[in-house]
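Before any comments, here is the structure.
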Amino acid sequence: FQVKSSSNKIEIKSAVEQKFDVKVEKVATMNRQGKLKEMTMKSGGRTIRTRGKRSGWKKAIITLKEGYSIDLIRGESGV
């Protein structure tokens, strides 16, 4: 899941348990750094090269307890 960068593991665990009605065993988080991108465009007969950076984001990997599952396509949970 992509989560807010200010969220901690306890907040993520409780949010997933409430939203999908499942039991979470473990939460792993990682902060992903935004990539540098370069764009070339023509403006008034000149070629302009500009650089930019995509914003960073936080990723959460959720491990559910035995017997629980989440169907992300339908948004339903199963026991």
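Counted from 1, the sequence shown has number 1007 at position 35 by our numbering; the numbering is strictly sequential.
Even for Gly, the Cβ is constructed at its ideal location relative to N, Cα and C.
- Shown here for E997: same chain residues with a beta carbon closer than 7 Å to its own, the five before and five after excluded, namely T1035, L1036, K1037 in chain order.
- Its chain contains K995, V996 as the residues whose beta carbon lies nearer than 8 Å to that of E989, once the 5 sequence neighbours on both sides are disregarded; these appear in chain order.
- I1042 and R1004 have their alpha carbons spaced roughly 24 Å apart.
- When the Cα atoms are used, M1002 and E983 turn out to be separated by approximately 15 Å.
- R1026 is positioned such that its CB atom lies closer than 8 Å to that of K1009.
- Non-local C-beta neighbours of I1033 in its own chain, meaning closer than 6 Å and more than five positions away in sequence, comprise A1000, ordered along the chain.
- Following the DSSP letters along the chain, one finds K1025 inside the beta strand (DSSP E) bounded by residues 1018-1025.
- Beta-bridge annotation (DSSP): V988 is not paired with any residue.
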